[in-house]
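Notes for the one structure printed next.
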Amino acid sequence: MSSEQCKTRVDQITLAICHDEARSAGITTSENFVELMQQVTSKQLEYIAEDLDAFSKHAKRTTIRPEDVLLCARKNPQMVESLKQMIPEKKTRKKKNSS
17 MSSEQCKTRV
27 DQITLAICHD
37 EARSAGITTS
47 ENFVELMQQV
57 TSKQLEYIAE
67 DLDAFSKHAK
77 RTTIRPEDVL
87 LCARKNPQMV
97 ESLKQMIPEK
107 KTRKKKNSS
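Heads up: the sequence shown is residues 17 to 115, going by our numbering.
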């Protein structure tokens, strides 16, 4: 997926969320509001991507891991708890007996 396709998809999802939330609250949203939410969402995702990249590089890795995502969300305890529930538990390897 190209960067532009990704941005378009984020905008579509943001639009759908704005409409769904407004409908459930019994209100309407202006086009300007939705456009602003799309801009804020895109910018926030850029910041998150930069942070995730920095965390993995700091750990001298080329792969972003779940712990990087948790570190990114550290200022939001509820988000951290929700994310922890989504992360599969690590399987530990059993050491072979050397005797």
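All C-beta atoms in this analysis are idealised placements derived from N, C-alpha and C, irrespective of residue type, glycine included.
- Sequence-distant partners of V50 (beyond 5 residues in either direction) whose C-beta falls short of 7 Å from its own C-beta, in its chain, are L31 and C34.
- Straight-line spacing of the CA atoms in V96 and R39 works out to 28 Å.
- A straight line joining the alpha-carbon of K73 with that of L61 spans about 18 Å.
- L68 is the residue among L87, P104 and L68 whose C-alpha sits nearest the C-alpha of T78.
- Short of 8 Å from the beta carbon of A89, and not among the five residues preceding or following it, lie these beta carbons of its own chain, in chain order: M95, V96 and L99.
- Our two residues, A41 and A75, have alpha carbons roughly 44 Å apart in a direct line.
- Counting of Cβ neighbours within 10 angstroms places V56 among the exposed residues, the total staying below 16.
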